[in-house]
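Residue numbers (our numbering): 36 to 164.
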């Protein structure tokens with residue numbers, strides 16, 4: 036309370052807003068214009084960086100595809116391949132050389148689904164409970 040400290044981890048909106056910069060900067064460096072569509076491939080654990088790309092696309096940045104790259108902890112890959120979102124237990128979460136991707140649940144994925152469902156909180160809650 037005394038210092039009013041907050042965290043800027045992968046589920047904090049401030050971090051997602053900062054990550055928007057990467058998409059705009061990367062886009063203009065790659066295209067030099069604003070008329071071409073691009074794809075981004077993003078290593079993903081908690082889905083925060085890809086969620087930032089999704090927000091950048093919603094803001095009008097011409098992104099065609101956001102490709103999610105995962106390691107052995109493939110919660111997101113499994114969802115996009117099968118349509119099934121299966122949170123993993125500790126025993127099913129593997130320790131790898133990419134610890135930020137060693138997740139059992141993609142914390143920012145619900146934000147993405149919330150947007151896909153027309154920002155309907157009740158529908159989103161029903162899917163995740």
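Don't be surprised by glycine CBs; every beta carbon is placed ideally from N, CA and C.
8 Å CB neighbourhood of residue 59 in its chain, flanking five on each side removed: Position 24 of the chain shown holds residue 59. The answer, listed in chain order, is 91, 96.
Specify, as a first and last residue, the run of the beta strand (DSSP E) that residue 74 falls within. Position 39 of the chain shown holds residue 74. Element bounds for residue 74: 73-78.
Quick check on DSSP: helix, strand or coil for residue 141? Along the chain shown, one-based indexing puts residue 141 at 106. Residue 141 falls in the coil class under three-state DSSP.
Exposed unless 16 or more other CB atoms sit within 10 angstroms - verdict on residue 54: Walking along the chain shown from the start, residue 54 turns up at place 19. The residue in question, residue 54, is buried, as its Cβ has 16 or more Cβ neighbours within 10 Å.
Per DSSP, cross-strand counterpart(s) of residue 101: For the purposes of this step, residue 101 is identified with residue 66 of the chain shown, where counting begins at 1. Answer by DSSP bridge pairing, in chain order: 75.
Does the Cβ of residue 71 have 16 or more other Cβ atoms within 10 Å, making it buried, or fewer, making it exposed? Residue mapping note: residue 71 aligns to position 36 of the chain shown, counting from 1. Residue 71 should be labelled exposed.
Should residue 118 be labelled buried (16 or more other beta-carbon atoms within 10 Å of its own) or exposed? As a first step, residue 118 must be located in the chain shown, where it is residue number 83. Classification of residue 118: exposed, given that the 10 Å Cβ count is below 16.
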